[in-house]
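Counting from 1, one number per residue, gives the positions in the sequence shown under the working numbering.
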Amino acid sequence: MTDTERASGDIAEGLEKAAKEGDLKYIHEKNQVLKQTVVKLLADIDGMLAKISAQTRKPVKPRPDKDVLEKILDACYTFDMGTVEAAVTSLESYEYETDGELVPWLWENVQQFNVDEIIEKLIKMNIGADKSGSKL
Numbered sequence: 001m002t003d004t005e006r007a008s009g010d011i012a013e014g015l016e017k018a019a020k021e022g023d024l025k026y027i028h029e030k031n032q033v034l035k036q037t038v039v040k041l042l043a044d045i046d047g048m049l050a051k052i053s054a055q056t057r058k059p060v061k062p063r064p065d066k067d068v069l070e071k072i073l074d075a076c077y078t079f080d081m082g083t084v085e086a087a088v089t090s091l092e093s094y095e096y097e098t099d100g101e102l103v104p105w106l107w108e109n110v111q112q113f114n115v116d117e118i119i120e121k122l123i124k125m126n127i128g129a130d131k132s133g134s135k136l
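Below, the structure written as structure tokens:
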């Protein structure tokens, strides 16, 4: 536990006790201190997260792999959500120069079982274009 965490916890406890006792003077004095301490704690957390992110950069690819997207499309046609989830997980292993927003979009729609929306989007991207006519 950092000093900032300890300080914010101590101040919060004091404020809670003061509130129960009706000690408005203490609350007015320490409330701003707590706010400042929490702001520092959040800044410290942001700094730690930035360091972690910089150390764990994903490899970069030009765009999501077309073969994996075709696998997702085929699995959606048969409602094979296990295969869809595994394929989306494999896409998450990379960052992309273009179409990077597709992966979080896929995850969101996989979680909601929006198979028709996934199929529609992948077809609009010309994924599985040679297969789409026979499977719809």
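Each residue gets a CB set at the ideal place from its N, CA and C atoms; glycine is no exception.
Would DSSP call residue i helix, strand or coil?
| i | result |
| --- | --- |
| K58 | coil |
| E97 | coil |
| A129 | coil |
| D65 | coil |
| Q32 | helix |
Have a look at residue i and residue j and give me their C-alpha separation to the nearest angstrom.
| i | j | result |
| --- | --- | --- |
| L106 | I118 | 7 Å |
| P62 | K121 | 19 Å |
| G22 | H28 | 11 Å |
| D56 | K20 | Here the sequence assigns Thr to residue 56, which means Asp is not the residue at that position. Those two C-alpha atoms are separated by around 46 Å. |
| I52 | V39 | 20 Å |
| F113 | I123 | 17 Å |
Do the CB positions of residue i and residue j come within less than 8 Å of each other?
| i | j | result |
| --- | --- | --- |
| C76 | V88 | no |
| L15 | K25 | no |
| L42 | I11 | no |
| L102 | V68 | no |
| T4 | T37 | yes |
| L73 | G128 | yes |
| P59 | Y96 | no |
| F79 | V110 | no |
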